[in-house]
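Chains as they are written, first to last, in the numbering used here: chain A, 1 to 96; chain B, 1001 to 1669.
Right, one structure below, let's go through it.
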């Protein structure tokens, strides 16, 4: 599933960010990185840009760009402490 | 002690302007960054001439992506400020710290300023400042820029740490750290020769930044080595290096936040923002609300507040002109000099300066919208509509200002991130009928369509918008091929605009406008006065019908015959309209030698038919903007050639549309 197909008020987790070059870098730098939880909040009145909530801030992006972000569904917006279990995995892998 | 440069840098919407104003007070000056038209604000901290504070554009990262970022990174690398004040919105600390981590790669002392601490306290969130300081090994100062709390500490800390050598803490870990070390050792020598920050350059190598590769003269074999190293890393962690390093920074930030920040609940601001947003960006009501807000602003700007103030200003300047005229007469100054001062210089200034109240009021409302955070919502709800014509939602704001005055509108295109969007918006702005054209409409309507004033007015405005859309579509297919820039926009928390920021913003805009009035507009009105008052023998003429201007006007008259008006007075009025649109009215009054409104109406009926008066209206709506707008455009584009091309394009479009209107009209009638 990609981010543009997510219904409002749903929480998802980013798996992967596709695309190339600077646009992809920009998406990543704004915090759209793998394992991040994102809540889709609203769709603009005319049906495009979507409004998402991540890292405690509100970002809007167009559907064509959101289509580059692969996500999987989450049932609830998990508490911070739990959602960073992935990090220990990362650390394990990198600290060999 | 020599002058120290201090750069103020931070994300957008983090209160940077408020802090800048609080630190420098009113002693600030605005210039441009070299070569580009991005505004550069400078000021002295607490009036101390040794500390010069430079306000850098609000950016999210140091990747050279938008013009703002290119300018910032160039400034940091080439101008080498002695200190960076990095302002961080404490309520959005996760994203804000990303830039901080990048700044730490630069070998410049940093003061980390945590803004919005009042909101943090209110939400019962605790930020362990000491721990944060220890973790980052940077001085951290909690402040509230809007309440002016903690500003003194910043000044004290500057005194303490400036000129001290720095070595920022290396927060990289794991295989990424080893990769960085390996690449650093390859390029170290070359970097040291050029006095560049090693870590930043290393990151550029990893990101394959072509400019940096060239600047450091990295040889092919070295490039191969670097590629080899990054490939190996990518293989080991099974992701590409872009993701790896950005993820590394974010996981450092998560680690920091876990240790130093204890959130209880969302801040009050965020709670209120959510409530307001369910209203302002509502599925059905969002756009109507936006239109209502704009209508209210326009109503206040151009009728309730603006009109009386504008009339007062005009009256005042006219009285001034009269008195100076009498004064000059009493001293028996020669006639031509008196004419130059009263009819040339003062008349020109009057026509321009009478717009000052309107500009001030308009910018008052616009800075309220901007500072409160509503503008970002406008861009969000209008993006879809504007994308169809090849622009992004952010362009809506300058275009709307265009209905007031093209000059501030063109200045407002600075907020757009891509040069392509800026140019296209600039071309379209003059099609939004500006308020200076209102007197022309008023003149024609009261003479020809007194019963249908509203209909004609709305038609004119709609023609402007329609032509703008059409030309945008055309230009999108021909000159400006390709999509507008990606749209990644943060919706900031709604905030109460501070009086000080709004006031300073208005003051800046007014100053810029008045400056222009006293330079280029003054010059051009003197030229028009000269053309209007002298003949070929360079003698002063009694009647303007024998002047140089009238001659040029009658020479150009046949050109406008297809549009339905071929009276030399109309053409002449169009020429003077280039200095300022209202001049069209005054010129016609002078040339028809009208003494009162009735005789003026009769004279107009002699010049135009109702249909040709309408095509005249359409032409004045669309043709070349006034000198003030033209020079602003030149300044923003930084090129005479481009500005002239745009103006010619607009005039051509005006001619074609007026022709079509006239032909269609004659068929119908």
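The beta carbon of each residue, even a glycine, is placed where N, CA and C say it ideally should be.
Outcome for residue i when other beta-carbon atoms lying within 10 angstroms are tallied against a minimum of 16
i: residue 1065 of chain B; result: buried
i: residue 1398 of chain B; result: buried
i: residue 1640 of chain B; result: exposed
i: residue 1105 of chain B; result: buried
i: residue 1331 of chain B; result: exposed
i: residue 1540 of chain B; result: exposed
i: residue 47 of chain A; result: exposed
i: residue 1202 of chain B; result: buried
i: residue 1492 of chain B; result: buried
i: residue 1442 of chain B; result: exposed
i: residue 1374 of chain B; result: buried
Straight-line gap, residue i to residue j (C-alpha atoms, nearest Å)
i: residue 14 of chain A; j: residue 38 of chain A; result: 7 angstroms
i: residue 61 of chain A; j: residue 69 of chain A; result: 11 angstroms
i: residue 1189 of chain B; j: residue 1388 of chain B; result: 51 angstroms
i: residue 54 of chain A; j: residue 1453 of chain B; result: 52 angstroms
i: residue 1438 of chain B; j: residue 1456 of chain B; result: 12 angstroms
i: residue 1598 of chain B; j: residue 1585 of chain B; result: 14 angstroms
i: residue 1514 of chain B; j: residue 1297 of chain B; result: 23 angstroms
i: residue 1574 of chain B; j: residue 1607 of chain B; result: 14 angstroms
i: residue 1413 of chain B; j: residue 1328 of chain B; result: 44 angstroms
i: residue 1618 of chain B; j: residue 1067 of chain B; result: 37 angstroms
i: residue 978 of chain B; j: residue 1250 of chain B; result: Look at the range of chain B in this structure, 1001 to 1669, and you will see that residue 978 of chain B is not part of it.
i: residue 1376 of chain B; j: residue 1185 of chain B; result: 45 angstroms
i: residue 161 of chain A; j: residue 51 of chain A; result: Beyond the ends of chain A as shown, which are 1 and 96, falls residue 161 of chain A; an answer cannot be given.
i: residue 16 of chain A; j: residue 1045 of chain B; result: 46 angstroms
i: residue 1288 of chain B; j: residue 1489 of chain B; result: 22 angstroms
i: residue 1362 of chain B; j: residue 1405 of chain B; result: 9 angstroms
i: residue 1494 of chain B; j: residue 1213 of chain B; result: 42 angstroms
i: residue 1183 of chain B; j: residue 1016 of chain B; result: 35 angstroms
i: residue 1583 of chain B; j: residue 1529 of chain B; result: 11 angstroms
i: residue 1480 of chain B; j: residue 1424 of chain B; result: 8 angstroms
i: residue 1672 of chain B; j: residue 1155 of chain B; result: What the structure shows of chain B is the stretch from 1001 to 1669, and residue 1672 of chain B is not part of that stretch, so it cannot be assessed.
i: residue 1342 of chain B; j: residue 1312 of chain B; result: 19 angstroms
i: residue 1509 of chain B; j: residue 1360 of chain B; result: 8 angstroms
i: residue 1556 of chain B; j: residue 1393 of chain B; result: 41 angstroms
i: residue 1306 of chain B; j: residue 1357 of chain B; result: 6 angstroms
i: residue 1118 of chain B; j: residue 1144 of chain B; result: 6 angstroms
Opposing strand residues paired with residue i [DSSP bridges]
i: residue 1007 of chain B; result: B/1054, B/1084
i: residue 57 of chain A; result: A/54
i: residue 1540 of chain B; result: B/1534
i: residue 2 of chain A; result: A/70
i: residue 1089 of chain B; result: B/1115
i: residue 1029 of chain B; result: B/1042
i: residue 1149 of chain B; result: B/1144
i: residue 1126 of chain B; result: B/1262
For residue i, the first and last residue of its enclosing alpha helix (DSSP H)
i: residue 1142 of chain B; result: That residue, residue 1142 of chain B, is in no alpha helix (DSSP H); its beta strand (DSSP E) goes 1140-1142.
i: residue 43 of chain A; result: No alpha helix (DSSP H) contains residue 43 of chain A, which is instead part of the beta strand (DSSP E) from 37-43.
i: residue 1272 of chain B; result: 1268-1280
i: residue 972 of chain B; result: Any question about residue 972 of chain B goes unanswered here, given that chain B covers just 1001 to 1669.
i: residue 1601 of chain B; result: 1597-1607
i: residue 1343 of chain B; result: Unbroken run through residue 1343 of chain B: none, as it is neither H nor E.
i: residue 1551 of chain B; result: 1548-1556
Terminal residues of the beta strand (DSSP E) in which residue i lies
i: residue 1043 of chain B; result: 1039-1044
i: residue 72 of chain A; result: 69-74
i: residue 1078 of chain B; result: Taken as a continuous stretch (DSSP letters only), residue 1078 of chain B belongs to no beta strand (DSSP E), as it is neither H nor E.
i: residue 1059 of chain B; result: Careful: residue 1059 of chain B lies outside any beta strand (DSSP E) and carries neither H nor E.
i: residue 1115 of chain B; result: 1110-1115
i: residue 10 of chain A; result: 10-17
i: residue 1490 of chain B; result: 1488-1490
Closer than 8 angstroms: residue i CB and nearest the ligand MG heavy atom
i: residue 70 of chain A; result: Annotation note on the ligand MG: not contained in the displayed structure, which lists no ligands.
Discussion item. To be precise: take each residue of the region 1461-1495 of chain B, compare its Cβ to all Cβ atoms of chain A, and keep it if any distance is under 7 angstroms. Which residues remain?
Written reply: Within the region 1461-1495 of chain B, the qualifying residues are 1486, 1487, 1488, 1489, 1490, 1491.
Fill in: chain A contacts from the region 1237-1250 of chain B (Cβ-Cβ distance under 8 angstroms)
Result list: 1237, 1239, 1242, 1243, 1246, 1247, 1250.
Discussion item. Residues of the region 1276-1296 of chain B in Cβ contact with chain A at a cutoff of 8 angstroms, in chain order, please.
Written reply: Taking 8 angstroms as the Cβ-Cβ cut-off against chain A, the residues of the region 1276-1296 of chain B that qualify are 1277, 1281, 1282, 1283, 1284, 1286, 1287.
Worksheet item: Between the region 1418-1445 of chain B and chain A, which residues of the former have a C-beta closer than 7 angstroms to a C-beta of the latter?
Response: Within the region 1418-1445 of chain B, no residue qualifies.
Item to complete: Select from the region 1054-1073 of chain B all residues with a C-beta closer than 8 angstroms to any C-beta belonging to chain A, and list them in chain order.
Response: From the region 1054-1073 of chain B, only 1060, 1061, 1063, 1065 have a Cβ closer than 8 angstroms to chain A.
Discussion item. By the 9 angstroms beta-carbon criterion, what residues does the region 34-58 of chain A contribute toward chain B?
Written reply: Hits within the stretch, in order: 34, 35, 36, 41, 42, 43, 44, 45, 46, 47, 48, 49, 51, 54, 55, 56, 57, 58.
Worksheet entry | Contact list for the region 1362-1385 of chain B against chain A, Cβ threshold 7 angstroms | Shown in chain order are the members of the region 1362-1385 of chain B whose Cβ falls below 7 angstroms from a Cβ of chain A: 1380, 1381, 1383, 1384, 1385.
Fill in: Short-range partners of chain A found in the region 1190-1202 of chain B, where Cβ spacing is below 8 angstroms
Correct list: empty, as no residue qualifies.
Worksheet item: Using a Cβ cut-off of 7 angstroms, which residues of the region 62-77 of chain A contact any Cβ in chain B, in chain order?
Response: Contact residues of the region 62-77 of chain A toward chain B are 62, 65 (C-beta to C-beta distance below 7 angstroms).
Discussion item. Counting only Cβ-Cβ distances shorter than 8 angstroms, please list the residues of the region 1174-1191 of chain B near chain A, keeping chain order.
Written reply: Going along the region 1174-1191 of chain B in chain order, one finds 1174, 1175, 1176 with a Cβ nearer than 8 angstroms to chain A.
Fill in: Contact list for the region 17-28 of chain A against chain B, Cβ threshold 9 angstroms
Under the 9 angstroms Cβ criterion, the region 17-28 of chain A contributes 17, 22, 23, 24, 25, 26, 27, 28.
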